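In the working numbering, the protein residues as written are 7 to 190.
Please read the structure below before turning to the comments.
Here it is as structure tokens:
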């Protein structure tokens, strides 16, 4: 009987110290304030109809040789994409595009496009740009990071929802270069 009394007191004292020592520590590792700055992801954010959303993103510059009508052509361009923790996604496609900074009007060219998908009530709604601009402001080939801004008015494929306005930026976003020679 006496031993069980001591176990209770020791457990009570240890519990007191444990609870007080963790008083200032967060109980979860939630990402309510966005993604942690780990120095690798860069920044990819967008304001979508007034709501700020943070994305995990990356870019790919394609520099591939392909064949159309028995003639060899180079296909060069950018694919920049981001995915949020709640399943929203943005894709920016810029074809053709050189490996340099520049401004791309997504209204004038068929292959310049900003797409956005969101899940609403179990339905995935996809939007495509009808007007807007993508501006690649910096490319650091040595560090393999890029920066830029974008904005667009988008309409959904199925005309379920109204237009969506997106304005965003990516800074020090990692990219890679994809080169494939189809003749080999």
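Just so it is clear, CB atoms sit at the ideal spot from N, CA and C, and this is done for glycine as well.
Keep in mind that this is a model prediction, so the values were computed, not measured.
Give me, in chain order, the residues of the same chain whose beta-carbon lies closer than 6 angstroms to that of residue i; leave out the 5 immediate sequence neighbours on both sides.
i: residue 141; result: 109, 154, 155
i: residue 144; result: 153
i: residue 185; result: 69
i: residue 124; result: 94, 131
i: residue 121; result: 97, 134
i: residue 126; result: none
i: residue 164; result: none
i: residue 85; result: 66, 99
i: residue 64; result: 180
i: residue 169; result: 159, 161
Under three-state DSSP, which class holds residue i?
i: residue 51; result: strand
i: residue 186; result: coil
i: residue 105; result: coil
i: residue 56; result: coil
i: residue 92; result: coil
i: residue 112; result: coil
i: residue 173; result: strand
i: residue 181; result: strand
Around the Cβ of residue i, are there at least 16 other Cβ atoms within 10 angstroms (buried) or fewer (exposed)?
i: residue 171; result: exposed
i: residue 54; result: buried
i: residue 100; result: buried
i: residue 176; result: buried
i: residue 149; result: exposed
i: residue 160; result: buried
i: residue 174; result: buried
i: residue 11; result: Residue confidence for residue 11 is low, a pLDDT of 44 falling below 50, so the modelled location carries little weight; the figure read from the coordinates is stated next. Exposed, because fewer than 16 other Cβ atoms sit within 10 Å of the Cβ of residue 11.
Which same chain residues end up closer than 8 angstroms to residue i when comparing Cβ atoms and leaving out the 5 residues on each side of it in sequence?
i: residue 58; result: 51, 52
i: residue 137; result: 112, 113, 158, 159
i: residue 117; result: 83, 99, 100, 101, 102
i: residue 104; result: 82
So, at 7 angstroms on beta carbons, what are the nonlocal neighbours of residue i in its own chain, with the 5 sequence-adjacent residues on each side left out?
i: residue 107; result: 142, 143, 144, 145
i: residue 89; result: 61, 62, 95
i: residue 182; result: 66, 150
i: residue 119; result: 99, 112, 134, 135
i: residue 162; result: 131, 132, 133
i: residue 178; result: 48, 49, 151, 153
- Unbroken beta strand (DSSP E) runs of length 3 or more, entirely within the stretch 124 to 167: which are they? Segments of the beta strand (DSSP E) lying fully in the stretch 124 to 167: 129 to 146, 151 to 162.
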